[in-house]
Amino acid sequence: MIRFDNVGLRYGSGPEILRDVTFHVHPGSFHFLTGPSGAGKTSLLRLLFMSLRPSRGLIFVFGENLADLPPAGRAALRRRIGIVFQDFRLLDHMTTWENVALPLRVMGQTESDYADDVTDLLHWVGLGNRIHAYPETLSGGEKQRAAIARAVIGRPELLLADEPTGNVDPAIGNRLLRLFVELNRLGTSVIIATHDYALMDQLEAPRLMLHEGQLQVGASQIGVR
Amino acid sequence: MSFLSDIKDYPWTSLLAGILPSRIAARLPERFQAPSSQIVPPASVAGRALTVVIAIMTFLACLTAGGVYMVHQSASAWVDDIASEITIELNPLNTADVEKKMTLVALFLAKQPGVTRVTPMSADDSAKLLEPWLGSTAALSALPVPRLIAVEIDRSNPPDMKVIESALNQNFEGVTLDDHRRWQSEIKTITRSTALGGIVVLGLVAAATVAVIISATRSAMATNRGIIEVLHFVGANDRFISSEFERHFLGLGVRAGLAGALAAAVTFLLLPFLLHLLGGGAVTEAETRRLLGTGELDIWGYLLLVVIVVVVAALCTITSRLGVFRVLKSYA
Ligand SMILES: Nc1ncnc2c1ncn2[C@@H]1O[C@H](COP(=O)(O)OP(=O)(O)OP(=O)(O)O)[C@@H](O)[C@H]1O
Ligand SMILES: [Mg+2]
Numbered sequence: 040m041i042r043f044d045n046v047g048l049r050y051g052s053g054p055e056i057l058r059d060v061t062f063h064v065h066p067g068s069f070h071f072l073t074g075p076s077g078a079g080k081t082s083l084l085r086l087l088f089m090s091l092r093p094s095r096g097l098i099f100v101f102g103e104n105l106a107d108l109p110p111a112g113r114a115a116l117r118r119r120i121g122i123v124f125q126d127f128r129l130l131d132h133m134t135t136w137e138n139v140a141l142p143l144r145v146m147g148q149t150e151s152d153y154a155d156d157v158t159d160l161l162h163w164v165g166l167g168n169r170i171h172a173y174p175e176t177l178s179g180g181e182k183q184r185a186a187i188a189r190a191v192i193g194r195p196e197l198l199l200a201d202e203p204t205g206n207v208d209p210a211i212g213n214r215l216l217r218l219f220v221e222l223n224r225l226g227t228s229v230i231i232a233t234h235d236y237a238l239m240d241q242l243e244a245p246r247l248m249l250h251e252g253q254l255q256v257g258a259s260q261i262g263v264r
Numbered sequence: 134m135s136f137l138s139d140i141k142d143y144p145w146t147s148l149l150a151g152i153l154p155s156r157i158a159a160r161l162p163e164r165f166q167a168p169s170s171q172i173v174p175p176a177s178v179a180g181r182a183l184t185v186v187i188a189i190m191t192f193l194a195c196l197t198a199g200g201v202y203m204v205h206q207s208a209s210a211w212v213d214d215i216a217s218e219i220t221i222e223l224n225p226l227n228t229a230d231v232e233k234k235m236t237l238v239a240l241f242l243a244k245q246p247g248v249t250r251v252t253p254m255s256a257d258d259s260a261k262l263l264e265p266w267l268g269s270t271a272a273l274s275a276l277p278v279p280r281l282i283a284v285e286i287d288r289s290n291p292p293d294m295k296v297i298e299s300a301l302n303q304n305f306e307g308v309t310l311d312d313h314r315r316w317q318s319e320i321k322t323i324t325r326s327t328a329l330g331g332i333v334v335l336g337l338v339a340a341a342t343v344a345v346i347i348s349a350t351r352s353a354m355a356t357n358r359g360i361i362e363v364l365h366f367v368g369a370n371d372r373f374i375s376s377e378f379e380r381h382f383l384g385l386g387v388r389a390g391l392a393g394a395l396a397a398a399v400t401f402l403l404l405p406f407l408l409h410l411l412g413g414g415a416v417t418e419a420e421t422r423r424l425l426g427t428g429e430l431d432i433w434g435y436l437l438l439v440v441i442v443v444v445v446a447a448l449c450t451i452t453s454r455l456g457v458f459r460v461l462k463s464y465a
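In order, the protein sequences belong to chains A and B.
As numbered in our numbering, residues 40 to 264 make up the first sequence, in order.
As numbered in our numbering, residues 134 to 465 make up the second sequence, in order.
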């Protein structure tokens, strides 16, 4: 499902952030991506999500070589991926509900078809009473949950989450983790970037560890070779 | 083909809501409401200044097109008029009894085939024709003003002008025939150059509109760069993004276009009075009237204004769409 072949990344003419990163992720797997701050977790997710191009190496997602993907193909691929940004990226002029519904709207679905799903999901992530609120009025944790809801509403085949529990208390963090696990059980591959060891200890899942630009696979139980 | 499916997929039912000012749009029945809020905030695209500029462009385009149309109408009415008429001119100088000769020539003309009516004009009538240029003075009657006979001809069975002319010359002295051909061609030249000038002005207005829309599209995209990024992240393709911008430009085009055309329509409604007010001297007024007719636009003329609104709206939409595609390509 995802394959990195000797991927290297540098910003401009700076140092290599990622060096010779090679790994596979199989469909239906669950991974943590971890490493110290500044190790390149966000950068790796951005590579996967086509918002960065690697300086070297090849990246395949759903069997497609990202290097030769035309813009139309890129849009189609992104519809199969849900992403939670570290800085949320909610649209300030739209309500929580509208933000969460955005991926479905972009896919051209009719509002009446998905209205209930969006509302249900918002209740599930504990934003039932913030449905009509604008992001400006949400707390950090509430924004985070809205961003997660937006990432999962389209039932993506691959979910990328960057520090999805960074701003919430452990109870809600566990609840969100359960949401990811549930999604994974329904067939979505999940990659969660985090340096929250307490969170990683909740779950038996392989860890992709970034250290000094290199990626090591640790505590491998499922799906990684 | 993609153009056809674009038309099919366009959110037509929410179009109305996109065009109307938001306060009024909110009162529309649910069916016509835009789905949720606009992804691109309307205010970030079509500010008041832009609306005013497009309205003024439309106003100018409407004035030009309406003016050209008016000139064309009055000219073709005039050409029609004078094509079914010829004028016989009598030189009063070497004729002892002008009135008698007038009668004789008139009788002669009435007998010619293809002539439907002969109207000899009195000396007073002739003087009146000169009045705008010379003023109404008693001195006119002392001048040897040429006498005229208006001859109406049957256009379905026109007489041979050459035959009539030579017959006249054989039988009378000092009589000339004017079949207005020179006038017709002159009027046509004027109409044609007015039309040409109008087309040039319309072209310039269109070019300015396109330029304004292109720069407005760019700045709207720069303002909403973050939104475009998020749309890309949730899998929007270029067509979706461009339609989000386009709908605002369509709304802008229709709104500003209607305002400009409405102002132009009011101007045309008031034109007869304006002509009168600005009339200046009798000559100016007579000349203006000759060019513009009564200064009234007929129903087709007003329809032309509607067409211009449609063209302006289409221009805004298409230009912005191409602009968005172009900028998106540069992001990639
Ligand atoms: N746009 C950029 N231009 C230049 N350097 C960048 C850019 N983005 C990130 N970097 C650098 O790349 C390195 C990795 O950054 P990245 O954001 O991927 O780290 P991270 O593992 O996500 O860190 P954190 O845990 O703090 O989120 C950092 O040294 C950072 O300074
Ligand atoms: Mg990060």
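Ideal placement from N, C-alpha and C gives every residue a C-beta, glycine not left out.
For ASN290 (chain B), the closest of B:THR249, B:ASN304 and B:GLU222 by C-alpha to C-alpha distance is B:THR249. In the displayed model, GLN255 (chain A) falls within a strand according to three-state DSSP.
Listed along the chain, the chain A residues whose CB falls inside 9 Å of the CB of VAL442 (chain B) amount to none; the nearest CB is some 30 Å away.
Contacts with chain B at 7 Å (Cβ-Cβ) do not include ALA185 (chain A). Counting along the chain, VAL439 (chain B) sits inside no beta strand (DSSP E); it lies in the alpha helix (DSSP H) bounded by residues 432-464. In this structure, the alpha-carbon of LEU404 (chain B) lies about 7 Å from that of GLU429 (chain B). Cβ-Cβ separation between ALA179 (chain B) and GLY384 (chain B): approximately 7 Å, consistent with a contact (criterion under 8 Å).
Taking a cut-off of 8 Å for Cβ pairs, the stretch 151-167 of chain A and the stretch 76-84 of chain A do not touch, as fewer than three such pairs fall below it. With fewer than 16 other beta carbons inside 10 angstroms of its own, VAL440 (chain B) counts as exposed.
The straight-line gap separating the alpha-carbon atoms of ARG118 (chain A) and ALA396 (chain B) is approximately 47 Å. Assignment of GLU379 (chain B) by DSSP, reduced to helix, strand and coil, places it in the helix class. When A:SER151, A:GLY67, A:HIS70 and A:VAL60 are compared, the shortest CA-CA separation from LEU86 (chain A) is found for A:VAL60. In this structure LYS182 (chain A) is buried. Its beta-carbon is surrounded by 16 or more other beta-carbon atoms within 10 angstroms. Burial check for TYR153 (chain A): the Cβ neighbour count within 10 Å reaches 16 or more, so the residue is buried. In the three-state DSSP reduction, ASP235 (chain A) falls in the coil class, being neither helix nor strand.
Cβ contact annotation for PHE382 (chain B) (same chain, cutoff 6 Å, sequence separation greater than five): CYS449, THR450 and SER453, in chain order.
DSSP links LEU249 (chain A) through a beta bridge to A:LEU254.
If you ignore the 5 residues before and after ILE230 (chain A), its C-beta comes within less than 6 Å of the C-beta of HIS70, LEU72 and LEU199, all in its own chain and listed in chain order. THR322 (chain B) and VAL444 (chain B) have their C-alpha atoms spaced approximately 28 Å apart. Those residues of the stretch 354-366 of chain B placed with their C-beta closer than 9 Å to a C-beta in chain A are GLY359, ILE360, GLU362, VAL363, LEU364, HIS365 and PHE366, ordered along the chain. At a cut-off of 7 Å between beta-carbon atoms, GLY434 (chain B) makes no contact with chain A. Chain-ordered listing is empty here: chain B has no CB closer than 9 Å to the CB of ARG42 (chain A), the nearest sitting near 21 Å.
With a cutoff of 6 Å, THR452 (chain B) does not count as near ligand 1, since its C-beta is closer than that to no heavy atom of the ligand.
Look at SER76 (chain A): its beta carbon is less than 6 Å from one of the heavy atoms in ligand 1.
A residue is listed when its beta-carbon falls short of 6 Å from at least one non-hydrogen atom of ligand 2; in chain order these are A:LYS80, A:THR81, A:GLN125 and A:ASP201. Among the CB atoms of chain A, none fall inside 7 Å of the CB of GLY330 (chain B).
For a Cβ distance threshold of 7 Å, nothing in chain B lies close to PRO93 (chain A): the least Cβ distance comes to about 16 Å.
The bridge partners DSSP lists for VAL284 (chain B) are B:ILE219 and B:VAL251. Secondary structure within the stretch 175-236 of chain B: the beta strand (DSSP E) runs of 3 or more consecutive residues, fully enclosed, are 218-223 (chain order). The Cβ atoms of ALA185 (chain A) and ILE122 (chain A) lie no closer than 7 Å to each other.
The beta carbon of ILE56 (chain A) sits closer than 6 Å to at least one heavy atom of ligand 1. Within the same chain, PHE241 come within 7 Å of ASN304 (chain B) by CB-CB distance, once the 5 residues on both sides are set aside.
Check the Cα spacing between LEU161 (chain A) and each of A:PHE124, A:LEU48, A:THR135 and A:LEU177: the tightest is with A:THR135. For LEU72 (chain A), the enclosing beta strand (DSSP E) has its first and last residue at 69-73. Between ligand 1 and TYR50 (chain A), a heavy atom-to-CB distance of less than 6 Å is present.
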